[in-house]
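All remarks here apply to the structure that follows.
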Amino acid sequence: MSSWTAAFGRYGFRFVFVLIATSIYFALSFCLRSHDYSLLSGYDPHAPYDQEVLGEMTAALAMMILLDTLGFSILTGVLESWISSDLSLLLFIAYLFCLGLAIITVNLKYRNRLYRDPQYPQKVRGGIGITVFFLTAVILAAAILIIGGVSGSVKHNSPQAAFQVIILLPYLLINIIWLMIEQDKLHRDIEQGKPYRFGGNTLMLAAADGILLVLMGLIGWG
Numbered sequence: 046m047s048s049w050t051a052a053f054g055r056y057g058f059r060f061v062f063v064l065i066a067t068s069i070y071f072a073l074s075f076c077l078r079s080h081d082y083s084l085l086s087g088y089d090p091h092a093p094y095d096q097e098v099l100g101e102m103t104a105a106l107a108m109m110i111l112l113d114t115l116g117f118s119i120l121t122g123v124l125e126s127w128i129s130s131d132l133s134l135l136l137f138i139a140y141l142f143c144l145g146l147a148i149i150t151v152n153l154k155y156r157n158r159l160y161r162d163p164q165y166p167q168k169v170r171g172g173i174g175i176t177v178f179f180l181t182a183v184i185l186a187a188a189i190l191i192i193g194g195v196s197g198s199v200k201h202n203s204p205q206a207a208f209q210v211i212i213l214l215p216y217l218l219i220n221i222i223w224l225m226i227e228q229d230k231l232h233r234d235i236e237q238g239k240p241y242r243f244g245g246n247t248l249m250l251a252a253a254d255g256i257l258l259v260l261m262g263l264i265g266w267g
């Protein structure tokens with residue numbers, strides 16, 4: 046049992062994220078078969094999508110995610126005999142970077158053909174700030190976790206790691222709730238012909254994010 050426990054501690058985090066990526070692939074495949082794209086992040090049921098192009102984009106996303114995951118799995122499997130723990134973490138970070146880059150590349154490729162109304166992207170351009178704010182919050186939290194792991198100040202399965210996860214879960218939850226609220230506000234403003242602007246919700250979230258990030262940092266580096 047001790048050897049199995051040690052092996053899972055070393056490889057388990059990779060297995061979990063490979064499982065997540067594989068689940069995303071099957072979810073996107075379900076979207077293609079059912080022609081229901083509501084599972085896609087950022088999908089707007091009111092937007093004038095070109096359904097054929099949306100299907101092409103979803104198929105490209107599914108294939109890129111699958112290829113990136115398989116490539117990561119094969120690479121780490123071939124190199125496993127001499128990979129150090131630091132190099133293993135760097136490969137994992139590279140995998141996440143390539144995964145994000147693949148998603149961004151596919152979105153950029155299809156963005157100009159995705160809507161039947163060519164002016165629609167201009168109408169929702171104010172929503173870019175929402176996406177940037179949300180991604181920045183996620184990146185900052187990930188950076189704190191990665192720095193703590195690379196520096197060795199936070200060990201795997203340690204109390205510090207557990208406390209960071211306890212803080213991370215509500216952190217992600219409140220940011221996801223804010224994202225949904227602000228996207229709904231964006232579309233209501235579009236319908237009323239008003240420009241979208243950040244409001245009090247965003248200020249309160251920024252303050253809460255700052256407090257939680259500081260706590261995560263203190264736990265990791267304190």
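For the sequence shown, our numbering begins at 46 and goes up steadily by one.
Backbone N, C-alpha and C fix where the C-beta goes; we use that ideal spot for every residue, glycine too.
This structure is a prediction, so every number in the text was calculated from the model and none was measured.
ILE256 and GLU97 have their C-alpha atoms spaced approximately 45 Å apart. The C-beta of ILE264 has 16 or more other C-beta atoms within 10 Å across all chains shown, which makes the residue buried.
Distance from the CA of PRO93 to the CA of LEU180, rounded to the nearest whole angstrom, comes to 25 Å.
Its chain contains ASP113 as the residues whose beta carbon lies nearer than 7 Å to that of CYS143, once the 5 sequence neighbours on both sides are disregarded; these appear in chain order. DSSP links TYR94 through a beta bridge to TYR160. In the assembly as shown, GLN209 is a buried residue. Its beta-carbon has 16 or more other beta-carbons within 10 Å. Exclusion of the five residues before and after LEU224 leaves PHE179 as the residues of its chain whose Cβ lies within less than 6 Å of its Cβ. In the DSSP assignment, ARG233 falls within the alpha helix (DSSP H) that extends over 204-236. A check of alpha carbon separations from GLY174 across ARG242, TYR160, ILE219 and TYR140 identifies ARG242 as the nearest.
Take the alpha-carbon of ALA182 and the one of LEU250: they are about 10 Å apart. In the three-state DSSP reduction, LYS154 falls in the helix class (H, G or I).
Looking only at THR103, ILE184 and ALA107, the smallest Cα-Cα distance to SER68 is reached by ALA107.
Here THR103 is buried, its C-beta having at least 16 other C-beta atoms within 10 Å.
Apart from sequence neighbours up to five positions away, the residues of its chain that approach GLY100 with a beta-carbon distance below 7 Å are LEU77, ordered along the chain. Less than 8 Å divides the Cβ of PHE117 from the Cβ of TYR140. With a 10 Å radius around the Cβ and a threshold of 16 neighbouring Cβ atoms, VAL177 comes out exposed. CA-CA distance, ASN246 to ARG233, rounds to 16 Å.
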